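Taken in sequence, the protein lines are chains A and B. The number in my numbering is simply the position in the first sequence, starting from 1, with 75 added. The number in my numbering is simply the position in the second sequence, starting from 1, with 25 added. Backbone N, C-alpha and C fix where the C-beta goes; we use that ideal spot for every residue, glycine too. Everything numeric in this text was worked out from a predicted model, so none of it was measured. Written out below as structure tokens is the structure these notes cover.
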Amino acid sequence: MITEVPFPIMSEEDPAAEGVVGTWFVNHGEQVVAGQVIAEVQVEKVSQDVEAPVSGTMYQYVAEGVGIAQGAMMARIDSPDG
Amino acid sequence: MTTTTTRRITTAKAMAEAIALEMRANPEVFVMGEDVGAYGGIFGSTTDLFTEFGADRVIDTPISETGFIGAGIGAAVEGMRPVVELMFVDFYGVCMDQITNHMAKIHYESGGAVKVPMVLMAATGAGYSDAAQHSQSLWGTFAHLPGLKIVVPSNPYDAKGLMASAIRDDNPVLYLFHKGAQGLVWMKKNPRSIAEVPEEAYTVPIGEAAVAREGSDVTVVTLSLSVQHSLDIAEKLAGEGIDVEVVDLRSLVPLDRETVLGSVAKTGRLLVVDEDYRSFGLTGEIAAIVAETDPTMLTMPMVRLAVPDVPIPYARTLEYGILPTPERIEAAIRALA
Chain A
76 MITEVPFPIM
86 SEEDPAAEGV
96 VGTWFVNHGE
106 QVVAGQVIAE
116 VQVEKVSQDV
126 EAPVSGTMYQ
136 YVAEGVGIAQ
146 GAMMARIDSP
156 DG
Chain B
26 MTTTTTRRIT
36 TAKAMAEAIA
46 LEMRANPEVF
56 VMGEDVGAYG
66 GIFGSTTDLF
76 TEFGADRVID
86 TPISETGFIG
96 AGIGAAVEGM
106 RPVVELMFVD
116 FYGVCMDQIT
126 NHMAKIHYES
136 GGAVKVPMVL
146 MAATGAGYSD
156 AAQHSQSLWG
166 TFAHLPGLKI
176 VVPSNPYDAK
186 GLMASAIRDD
196 NPVLYLFHKG
206 AQGLVWMKKN
216 PRSIAEVPEE
226 AYTVPIGEAA
236 VAREGSDVTV
246 VTLSLSVQHS
256 LDIAEKLAGE
266 GIDVEVVDLR
276 SLVPLDRETV
286 LGSVAKTGRL
296 LVVDEDYRSF
306 GLTGEIAAIV
316 AETDPTMLTM
326 PMVRLAVPDV
336 PIPYARTLEY
346 GILPTPERIE
356 AAIRALA
């Protein structure tokens, strides 16, 4: 099963404001467990943690420091079926 | 399902996690300072503590360093274990009487009868245009004055372990952390500020340096953010056959002279890198230790790389004109190799 992880909507005042993944704590292709903090993201100097919604193998869609729209998918987690 | 027992976290979170573990284990541990509560410390050192422990144990103070550091000392004297944050070490001027005449001297003045088991943590360091009153290191100033243990971590693992040791220590401990080594998303960061850290509590002993990288050609003795720079340069130069040993002091008081001397005896060549001021400071102290022990250990004159004796400039070009940058560390090592 594939689960995509969205960049959180952090600025309701300005949903068009671009976000950035400040820090990836999990490398591309590494295992994660549900609830593990995978990244710290930032919009307009406000930051928050993003947790893995499920366990599995995580793949990054964006590099650190590259702009990304709020709500856009920032990672994928492949979980074993069953 | 297996659960991870280590995960990569920032230095800032490692500090906060150590404090949280000690607070859960000991109700006498509490946190006090400016913006340590809901804000989580302006450099992240108390992230999420307020949510877990509330306003009774994570206490936001007014801008009143003499008052709240004094209150911390009083609580420590009465048997509590306060972790007090001085937001920037540069603010020491207004509260130095509390720090050096009370926190550091009560144990001595009482003939050992009264202990001050307090941690004073403070942010240090330059590199982000915060100018002369918010960019200093100043560890040499505090290490010069007797009575405080002083720790200065360079990475997440040591940050957590040294914080646990500092809180459990019955002596007053000054815990200095470099803003640029905290792994903050809004500041230029080195990947070494994010590393694998065990979830459980552990300690890193105060007074023990670490050989962060073994090498045979040149010894670099340093601490804090400069360890990260030195390791980066050591890895770069390894490709050219220059084998650099990096000694991370981790503690200034007590100072692990044996590890420094052992490394210098092995390589015969010494570079000391310090983001504090050059004169009357750490670089001269390390030189003196070598000279007093056996100056013939050095096969060529040692080199000091520190901030020249000027205020830290605001302008980025001027600021980077005086800092011990990776480029300067590299040039200094090449001159010795």
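Presumed contact (8 Å Cβ cut-off) between residue i and residue j, rounded CB distance
{"i": "glutamate 126 (chain A)", "j": "glutamine 111 (chain A)", "result": "6 Å"}
{"i": "threonine 247 (chain B)", "j": "serine 255 (chain B)", "result": "5 Å"}
{"i": "valine 332 (chain B)", "j": "leucine 343 (chain B)", "result": "So it is not a contact: roughly 12 Å between Cβ atoms."}
{"i": "isoleucine 219 (chain B)", "j": "threonine 35 (chain B)", "result": "5 Å"}
{"i": "alanine 198 (chain B)", "j": "leucine 173 (chain B)", "result": "In the sequence as presented, alanine is not what sits at residue 198 (chain B); that position holds valine. Between leucine 173 (chain B) and valine 198 (chain B) the Cβ distance is about 7 Å, and since that is below 8 Å, they are a contact."}
{"i": "tyrosine 227 (chain B)", "j": "glycine 186 (chain B)", "result": "6 Å"}
{"i": "valine 252 (chain B)", "j": "leucine 296 (chain B)", "result": "Rounded, the Cβ-Cβ distance is 13 Å, inconsistent with contact."}
{"i": "alanine 147 (chain B)", "j": "leucine 201 (chain B)", "result": "6 Å"}
{"i": "methionine 48 (chain B)", "j": "arginine 82 (chain B)", "result": "6 Å"}
{"i": "glycine 66 (chain B)", "j": "glutamate 110 (chain B)", "result": "6 Å"}
Cut-off 7 Å between Cβ atoms - residues of its own chain near residue i, not counting five sequence neighbours on either side
{"i": "threonine 98 (chain A)", "result": "Ala114, Glu115, Glu139"}
{"i": "serine 154 (chain A)", "result": "Met76, Thr78, Val129, Ser130, Gly131"}
{"i": "alanine 37 (chain B)", "result": "Phe68, Gly69, Ser70, Thr72, Gln207, Gly208, Leu209"}
{"i": "glycine 232 (chain B)", "result": "Ser276, Pro279, Asp281"}
{"i": "alanine 43 (chain B)", "result": "Lys185, Met188, Ala189"}
{"i": "threonine 86 (chain B)", "result": "Met57, Gly58, Glu59, Phe93"}
{"i": "isoleucine 311 (chain B)", "result": "Val246, Val285, Val297"}
Identified DSSP bridge partners for residue i
{"i": "aspartate 85 (chain B)", "result": "B:Gly58"}
{"i": "tyrosine 200 (chain B)", "result": "B:Met146, B:Val176"}
{"i": "tryptophan 99 (chain A)", "result": "A:Ala114"}
{"i": "glutamate 221 (chain B)", "result": "B:Arg33"}
{"i": "glycine 131 (chain A)", "result": "A:Val107"}
{"i": "threonine 166 (chain B)", "result": "In the DSSP output, where bridge partners are listed per residue, threonine 166 (chain B) has none listed."}
{"i": "alanine 181 (chain A)", "result": "Within the shown structure, residues of chain A are numbered from 76 to 157, placing residue 181 (chain A) beyond reach of any answer."}
{"i": "valine 328 (chain B)", "result": "B:Leu296"}
{"i": "phenylalanine 113 (chain B)", "result": "B:Ala148"}
{"i": "valine 278 (chain B)", "result": "B:Ile175"}
{"i": "alanine 235 (chain B)", "result": "B:Asp273"}
Beta carbon of residue i nearer than 8 Å to that of residue j
{"i": "alanine 63 (chain B)", "j": "phenylalanine 78 (chain B)", "result": "no"}
{"i": "valine 80 (chain A)", "j": "isoleucine 143 (chain A)", "result": "no"}
{"i": "arginine 106 (chain B)", "j": "valine 176 (chain B)", "result": "no"}
{"i": "alanine 290 (chain B)", "j": "leucine 330 (chain B)", "result": "no"}
{"i": "valine 137 (chain A)", "j": "methionine 149 (chain A)", "result": "yes"}
{"i": "glutamate 90 (chain B)", "j": "valine 108 (chain B)", "result": "no"}
{"i": "valine 272 (chain B)", "j": "leucine 262 (chain B)", "result": "no"}
{"i": "tyrosine 410 (chain B)", "j": "methionine 212 (chain B)", "result": "As displayed, chain B neither begins before 26 nor continues past 362, which places residue 410 (chain B) out of reach and without an answer."}
{"i": "glutamate 221 (chain B)", "j": "arginine 32 (chain B)", "result": "yes"}
{"i": "glutamine 135 (chain A)", "j": "methionine 85 (chain A)", "result": "no"}
{"i": "threonine 30 (chain B)", "j": "proline 223 (chain B)", "result": "yes"}
{"i": "valine 315 (chain B)", "j": "leucine 307 (chain B)", "result": "no"}
Residues near residue i by beta carbon distance below 6 Å, same chain, minus five either side
{"i": "methionine 40 (chain B)", "result": "Ser70, Ala184, Met188"}
{"i": "isoleucine 131 (chain B)", "result": "Val139, Val141"}
{"i": "leucine 277 (chain B)", "result": "Trp164, Ala168, Ile175"}
{"i": "valine 243 (chain B)", "result": "Val269, Thr292, Arg294, Ile358, Leu361, Ala362"}
{"i": "glutamine 161 (chain B)", "result": "Asp115"}
{"i": "histidine 203 (chain B)", "result": "Thr149, Gly150, Ser249, Leu250"}
{"i": "alanine 259 (chain B)", "result": "Arg238, Val269, Val271"}
{"i": "lysine 214 (chain B)", "result": "Gly208"}
{"i": "alanine 157 (chain B)", "result": "Pro336, Ile337"}
Partner residues on chain A for residue i, Cβ-Cβ distance less than 9 Å
{"i": "isoleucine 34 (chain B)", "result": "Phe100, Val112"}
Cross-chain neighbours of residue i in chain A, by beta carbon under 7 Å
{"i": "glycine 208 (chain B)", "result": "Thr98"}
Proximal residues of chain A, C-beta to C-beta of residue i below 8 Å
{"i": "tryptophan 164 (chain B)", "result": "Result: empty, since nearest Cβ-Cβ is about 27 Å, beyond 8 Å."}
{"i": "valine 219 (chain B)", "result": "A small fix is needed here, since residue 219 (chain B) is isoleucine in this sequence, not valine. Result: Thr98, Phe100."}
Chain B contact residues for residue i, given Cβ-Cβ distances below 8 Å
{"i": "glutamine 117 (chain A)", "result": "Val210, Trp211"}
{"i": "serine 86 (chain A)", "result": "Under the 8 Å cutoff, chain B gives no residues; its nearest Cβ is about 15 Å from serine 86 (chain A)."}
Interface residues of chain B facing residue i [CB-CB closer than 7 Å]
{"i": "valine 154 (chain A)", "result": "It should be pointed out that residue 154 (chain A) corresponds to serine in this sequence rather than to valine. In chain order: nothing, as chain B lies at least about 11 Å away."}
Close-in-space but distant-in-sequence residues of the same chain around residue i (CB under 8 Å, 5 per side omitted)
{"i": "glutamate 105 (chain A)", "result": "Thr132, Met133"}
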